[in-house]
Every structure is written in C-alpha cells, then in structure tokens.
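Working notes, beginning with the structure itself.
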Amino acid sequence: MKILVTYYSRTQTTARVAKEIQKKLNCDIEEIIDINKRSGVIGYLKGGYDAMKSKPAKIKPIEKNPSEYDLVIVGTPVWASTMAPAILEYLKENKEKFNDVSFFCTCGGSGYDKTLAKMEEVADKNPLNNLYLTKNDIESSFDSKIEGFIKNIENIEK
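Residue 12 is where the sequence shown starts when you use this note's numbering, and the numbers rise one by one after that.
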C-alpha cells in the first residue's frame, strides 16, 4: 500500500506526530504550508477566528499528488473545535483525488471529535481510522496511541 502523510503544524506539535507516523510506516510525507502568517499572538487569534468561520487558507502548491496514493493520512491541530484553515483548504482542493483517508489531530484537550467529523464531511470520505492526541498524550508518551493507529492501517493492508 502506498501511503502519504500530510499535515499542517503552526507550533510543530502536529509535525512531530506526523513525522513519527511517517517513520513507523516508512512512507512519504508532505507539510501543508499556509501562506498567511500564523505566528505570534495575532497569528494565533486570526487563525482561530478563520477556523471558527470555516475560512480556508491560501496554501502553497502541494508537491505530491494524492491520487497516486492508496491512503492519505491528514493531520491538523484543533483550532476552535475544528481543523486549521490550511487543512480545510487542502481537503477541499483534493477531496476528489483521495482513494482512502485517515485523519489525526492534536489538541489541548477537547474539540477533537468535532474536528474529525468536520474533516470527514469536507473530504466527503469515511476515514479508515482516526487518531487524536491531547496535550497530555503528547507531553507523556504517545507511542502506544500511534502504534494502535498504525496497527489498524497495517490490518487494512492485509
């Protein structure tokens, strides 16, 4: 199975999870780049507002074509109980190209259920599986949660 991990990460927390998934699956990876500046307090507030209003971000053109992969794993931080605007745009732009999808999100503690449901709605695909990691998961050890997510994918391959 050919797999691609795509993600957006403002603080590198989601990037850390994406890179761990990519390493364990030995697959391709691509960061989704938001053209808007999201750093600092103003960037944080503007990003949360845009997410709350479901306003997609302008993103840099992607390099990897999702249609060339059997499975695309999409990761996002949770902002205002939904996905980051860059991932909203990525899903909208590419939903016709996905063969199968899985989603993951990182969050301070809540909102992941709404985020994962919204990702499914926008992608117009039932995900093979989902993963969410809270701040507590990430600060301790998230290996067991990632291992379960990976095992589900490997079981699908068989």
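No residue lacks a Cβ here, since even glycine has one placed at the ideal position from N, Cα and C.
Run of the alpha helix (DSSP H) containing LEU56, from where it starts to where it stops: Residues 51-63.
Exposed unless 16 or more other CB atoms sit within 10 angstroms - verdict on MET63: Counting every other CB atom within 10 Å of its CB across the protein chains shown gives MET63 a total below 16, marking it as exposed.
Neighbourhood of TYR101 by C-beta, 8 Å cutoff - its chain only, sequence neighbours within 5 removed: Excluding residues within five positions, the ones whose Cβ falls inside 8 Å are THR17, TYR19, ILE43, ILE70, ILE73 and VAL85.
Euclidean distance between Cα positions of VAL133 and PRO77: VAL133 and PRO77: Cα-Cα distance of roughly 15 Å.
CA-to-CA distance, ASN166 to VAL52, given in whole angstroms: Between VAL52 and ASN166, the C-alpha separation is close to 42 Å.
Length at least 4, wholly inside the region 75-163: the alpha helix (DSSP H) runs in chain order: Contiguous alpha helix (DSSP H) elements confined to the region 75-163 occur at 96-105, 123-134 and 146-150, taking only those with 4 or more residues.
CA nearest to the CA of LEU82, picked from ASN37, PHE115, GLY54 and PHE109: Looking at the Cα atoms, PHE109 is the closest of the given residues.
Which residues DSSP lists as bridging ILE14, in chain order: Residue pairing from DSSP places ILE14 in a beta bridge opposite LEU82.
Simplified DSSP assignment, three categories, for ILE43: ILE43 falls in the coil class under three-state DSSP.
Other residues of its chain near GLY59: CB distance less than 6 Å, five sequence neighbours each side excluded: Hits under 6 Å: TRP90 and ALA91.
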